Each structure stands twice: as C-alpha cells, then as structure tokens.
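Read in order, the letters of the sequence shown are residues 187 to 405 in our numbering. C-beta: ideal position from N, C-alpha, C; glycine also. Small disclaimer: the values here were computed from a predicted structure and weren't measured.
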Amino acid sequence: MAHNYAPPPDDPEIVHADDWLIVIDKPSGLLSVPGRGPEKADCAITRIQKAWPDALTVHRLDMSTSGLLLFARSKDAQRELSRQFEAGRVEKTYIADVWGRPASQHGLVDLPLITDWPNRPRQKVDREIGKPSQTRYVISQSSAVASRMSLTPLTGRSHQLRVHMAELGHPILGDELYAHDEAERIATRLHLHAAELAFTHPQSGSPMRFQSPCPFNLP
C-alpha cells in the first residue's frame with residue numbers, strides 16, 4: 187500500500203549524547219536514513235546532524251518502528267560500534283504486539299530470509315538460499331485478540347522480526363506489509379518498538395544500556 191511520506195514534525199528525543207555517540211528515541215513514521223527522492227530527505231540522521239554535524243549512521247530501524255537508535259560521532263567510533271553489531275555483541279530487545287496467542291510462552295524462530303525481489307521491500311523465508319535468521323520471543327501478556335512479546339533478534343536481517351512473527355501465524359499489529367487485514371486495521375501504527383539497547387562504549391569500553399518506554403497499548 188503506497189502512502190505519501192509524512193514524517194512527524196517533532197524532533198526525536200535525545201536519550202544520550204557524548205563526544206563519541208548519540209542515542210535517540212526515534213518516533214514511528216520517521217525514516218532512519220534518507221529514502222529515494224527529495225521528498226524523503228527528512229530523516230533521523232539529517233535531523234540529528236543539525237545539532238551534531240559529525241553524526242554518522244551505525245544501524246537502522248524501519249520507518250514504522252519506533253525506539254532506540256544509535257549514531258556515532260567519528261569514523262573510529264562508527265567502525266567500532268559497527269564491529270559490535272556484526273559480531274552480535276549488541277543486545278537489542280523489542281516490544282511487539284502480535285495477533286492472537288502463540289502456543290508456546292517462549293521460543294526461537296529459526297527461518298532463513300531473503301529479499302522478495304519482485305515485491306520489494308518485502309522479505310520472505312527461503313530455506314534453500316535464505317540467510318540464517320533467528321529471533322527469540324517471550325510472551326509477557328495477552329488480551330482477547332493479541333499478545334505482547336519481548337523479541338530478541340540474534341541476527342539482523344531486514345524486516346526480520348516482522349517476517350518471523352507473520353510466519354508463526356501471529357503478525358505484528360499494524361504491519362502493512364506482512365499482516366492480514368484484521369491484524370493491520372486493529373492498530374493505527376506498527377506495534378514494534380526498540381525498547382532496549384546495550385553495547386560497549388567505543389572509547390571507554392564501559393558497558394552502556396538504554397531503555398525506552400513502549401509508546402503503544404496492547405489492544
């Protein structure tokens with residue numbers, strides 16, 4: 187479903203800033219980096235660079251996903267933080283509301299993913315040539331129609347959490363790409379939030395951990 191890009195007007199909340207890195211709380215609806223075309227130039231990195239011109243991208247969140255997003259303030263810091271992501275040393279925890287209730291209270295989704303080229307930006311499961319992709323989940327509460335989960339991606343594939351939940355038969359609420367109509371319509375936004383981020387400071391080596399409260403309610 188195509189929509190005009192209309193990012194939220196308010197700048198992201200600054201959670202932490204020092205001489206080496208910046209952590210923000212990105213709102214849903216704001217691109218992490220510029221999209222194609224001048225109408226998609228407004229994004230998290232360009233907004234942050236107004237205050238910190240040296241800010242550099244380390245990782246991304248989907249436009250519809252809210253939550254903690256990390257930027258570096260030098261090439262050295264970017265390189266070190268990127269290394270941590272690639273080595274799986276960055277802890278990321280997401281809150282998601284999904285349709286229905288999975289049979290197991292917790293589990294591991296292990297389904298290889300690949301870009302669905304004819305239907306980009308969609309991704310899909312491909313057991314033959316897909317890239318290994320794992321997501322741990324724990325259900326924290328349920329309602330009559332949905333369940334709240336804590337999701338921990340063990341790999342960092344595009345749309346990984348969204349595809350994995352949809353493949354379980356429990357798509358994330360408000361997901362225009364992967365949810366069925368009922369699960370999409372029940373929410374006004376994608377119910378996926380990057381709630382916790384932990385890594386090692388690139389200069390001091392100190393452990394850093396940040397949390398962001400979930401901005402949506404379980405229906």
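Anticipated Cβ contact below 8 angstroms, residue i with residue j, distance rounded
i, j, result
"LEU247", "LYS212", "6 angstroms"
"PRO388", "GLU266", "4 angstroms"
"ILE358", "PRO405", "The Cβ separation is near 12 angstroms, so there is no contact."
"ALA352", "ALA365", "7 angstroms"
Sub-8 angstroms separation of residue i and residue j beta-carbons
i, j, result
"LEU378", "ALA282", "yes"
"LYS278", "LEU383", "yes"
"VAL349", "TYR323", "no"
"PRO193", "GLY223", "no"
"SER290", "LEU255", "no"
"PHE396", "GLN270", "no"
"VAL244", "SER268", "yes"
"PRO148", "ARG233", "Residue 148 is absent from the structure shown; the chain starts at 187 and stops at 405."
"TYR280", "LEU337", "yes"
Run of the alpha helix (DSSP H) containing residue i, from where it starts to where it stops
i, result
"THR232", "230-237"
"GLU429", "This structure cannot settle anything about residue 429, because the visible part of the chain is limited to 187 through 405."
"ALA369", "367-371"
Buried/exposed call for residue i, threshold 16 Cβ in 10 Å
i, result
"TRP285", "buried"
"HIS292", "exposed"
"THR321", "buried"
"GLN264", "buried"
"ASP413", "Given that the chain is displayed from residue 187 to residue 405, the structure contains no residue 413 and the question cannot be resolved."
"GLN327", "exposed"
"ARG343", "buried"
"GLU370", "buried"
"MET187", "Confidence at MET187 is low in this model, with a pLDDT of 45, below 50, so its placement is unreliable and no value can be given for it."
"SER319", "buried"
"GLY391", "exposed"
"ARG334", "buried"
Run of the beta strand (DSSP E) containing residue i, from where it starts to where it stops
i, result
"GLN397", "393-397"
"GLU199", "199-203"
"PHE385", "378-386"
"ASP262", "Segment 261-272 is the alpha helix (DSSP H) holding ASP262; no beta strand (DSSP E) there."
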